[in-house]
Structures are given as structure tokens and as C-alpha cells.
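Numbering follows our numbering, in which position 176 of the sequence shown is assigned residue number 375; successive positions increment by one, without gaps.
Since the structure comes first, as C-alpha cells, the remarks are kept for the end.
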Amino acid sequence: MKKSYKYHMTGLSAVTTTYIVLLVVLALAAAWIYHNYSYRGFHLEAQVFAYPLSDKSADACVGKTGQLADHLRRRSAGDIPYSVTTPANYRGDYRHPLLVVWAPSGFNPSLSERFTGLTGQATARGYVVVYVASVPLGFKALKSLAGIPGEVMKDWCIDAERVYYTGHSDGGTVSNALAVLPERQIQPMVIAPSAMGIQASDMEAYSCPRPTHVMLMHNLGDNHFPDYGAGVAQWWAACNRCEATPVAATYPECVEFPDCAEQVRTLYCQAKGNHAYWPGFDHDMMAFFEELHIQVNDTFDTNSQANQEVE
């Protein structure tokens, strides 16, 4: 007589089912965030720059080893990862502006690039673009981060009068901090911090640097750092010796503190996004940078002598 076997289909345990559901939800959330908060295509690709027929003198660039770079991965002296991208037709005899993008917490250079999407616009305007990985912030970390722009300037042909910092959240904090810390090695010409976790009370510990162009961006819907930006913008306006009452600016959703010392510009911008939203394109940040470049060509900028010493 044959034995009969009865098979019982057992269902997944409640714990396993819960884990599967959570994984699916997290995957969908990650896909939604990637689609809505990241850039692709042109925004990530090095572009050709229309070099001017008459260049600035680049005699100081003779002997520098930096070549055309397309997302070249490097590590700083402090072992911090960063990437370098030049215009697609990079020339070593032309002084390029340097754009350093500091990352939000937990972002590597690639994720930071996808989040801000600045490579296409910046390289088309002649910038060398550097994306720096996030590190846990502290005094020691900031000192280590401060050395990265100088490392790039030693290898690539960079215009010391045109060093720009931007970044979001922790990256915004770094952009602002490295313009005021006494240990800074470079004085940026322009900072454009976004969603930074610094308040006006934090700034009271620092002395004013030389007048610095500022486009401070802080979204109206930022519930992570609510209302942090306004006080810091006022601090910069006071340091830049601007008028205390802002007026409407020519850049979208921005106000400007007028009549600042040495013709610097001090803007405070508020887009309608939340803390996770990068507003650089809303406020036309790259056009702001370019306007300042035209202004610098018409006036003497005191950054040059101080910054050139690190090259």
C-alpha cells in the first residue's frame, strides 16, 4: 500500500511579510526621490567652453599638471573623496573659475552632482567643477575640507579671483563656514549656501571677512531648519556694510541688501520647496555668478593676491 503524503502550503510569517512590505515601500520611495530630486543628461555632462580670443595672462599656470578631467576621482590630503570636471575642451593656458560644490550629509561626489545638476551649465561657462564628498562635520573636518580648493588650484589653471562655493544642507553649512573660519585657506569671491544649519546666533562667534558676494538660499518650506536663513543673511549684510532694509532683486524669489561695500552683492532667496529641495536653478544662481564675473572684470578684486599664494 502506497503511503500518501499531504503537503501543506505555509504562508509567510508576519515578520517576513512586514520586512518585504517595508523593502518595497523604501524602494518606491527611493525611486520617487531619485526621479524628483536628481538631474540627468546635460546637467551631468562636461560641455565645450567658448574660450575668448584674448585670454588673461596664465604665466603662473606653466608647469601645472592638471589636464582635461571628466569626473576625475581624487582623494584629498585628508583622505576626503572629491571629483574634478573641466570643460570638455580644457586648456591649460587659461585661468578658469573654480566652483566647489559641498555635499549634503551622506552624499558622495556622484550623488551630490546628481542632486545639484551644475556640471553642464558650469563647464559651458568655463568653470572647473569640484564635487566634494560629505564628512561628519566638526572643527577638524572643516579644516580638512578647507584644503581641497587649494589642492585643485595647485594642479589646474584657476583664476584665484573667481572661487565660488555652494552646497545644500550640510554642504550649505560648509559653504558658509569656510568663508568665515579663521583657519580658512582660501577666501571665496562668492558663496551660495542653501538650506544650511547655521543661525544668526552661531555667526556671532566670527569676525567679518572682507566683503564677500553672497546668495543665501533657504526654502520657505524648510521645516528641518525653519527660518535659519534670514538672520544669517542679515549678518552678512552687516558685514558687507549694506543697507539694512532689503529690496526686490532681479533674481527670482530673492531680495537684495543694497549699497554694500566694495560693490559686493548680498541676496537672500526663498523658493517654495522643502528642506530636501535644491533651489539653485529657481534663483538662477549660475547667472548670478556670471554677472559678478563681468563686475570683477571692471573692478579690482582684492582676493587675487591672497588666494594666489596657495597656488
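Here a beta-carbon is modelled for each residue, glycine too, at the ideal position from N, C-alpha and C.
Keep in mind that this is a model prediction, so the values were computed, not measured.
With fewer than 16 other Cβ atoms inside 10 Å of its own Cβ, H423 counts as exposed. Pairing E312 with Y326, the inter-Cα distance amounts to about 14 Å.
The Cβ atoms of E452 and A432 do not sit closer than 7 Å to each other. Inclusion of L298 and V331 in the CB contact set at 7 Å is not warranted, their separation being larger than that value. By the Cβ neighbour-count rule, A268 is buried, with 16 or more other Cβ atoms within 10 Å of its own. Between the C-alpha atoms of P348 and D401 there is a straight-line separation of about 24 Å. Runs of beta strand (DSSP E) with 3 or more residues, each lying fully within the segment 370–394, are found at 389–393, listed in chain order. By the C-beta criterion, the segment 367–384 is judged to be in contact with the segment 290–304, since at least 3 inter-stretch pairs fall below 8 Å.
Residue pairing by DSSP places L419 in no beta bridge whatsoever. Contact between L243 and G337 does not hold, since the beta-carbon distance rounds to 31 Å and is not under 8 Å.
Of the residues assessed, T264 falls on the exposed side of the cut-off, its CB having fewer than 16 other CB atoms within 10 angstroms.
The continuous alpha helix (DSSP H) containing E350 extends over residues 347–354. Each residue's CA atom was taken as its position, placing G346 and D421 some 30 Å apart.
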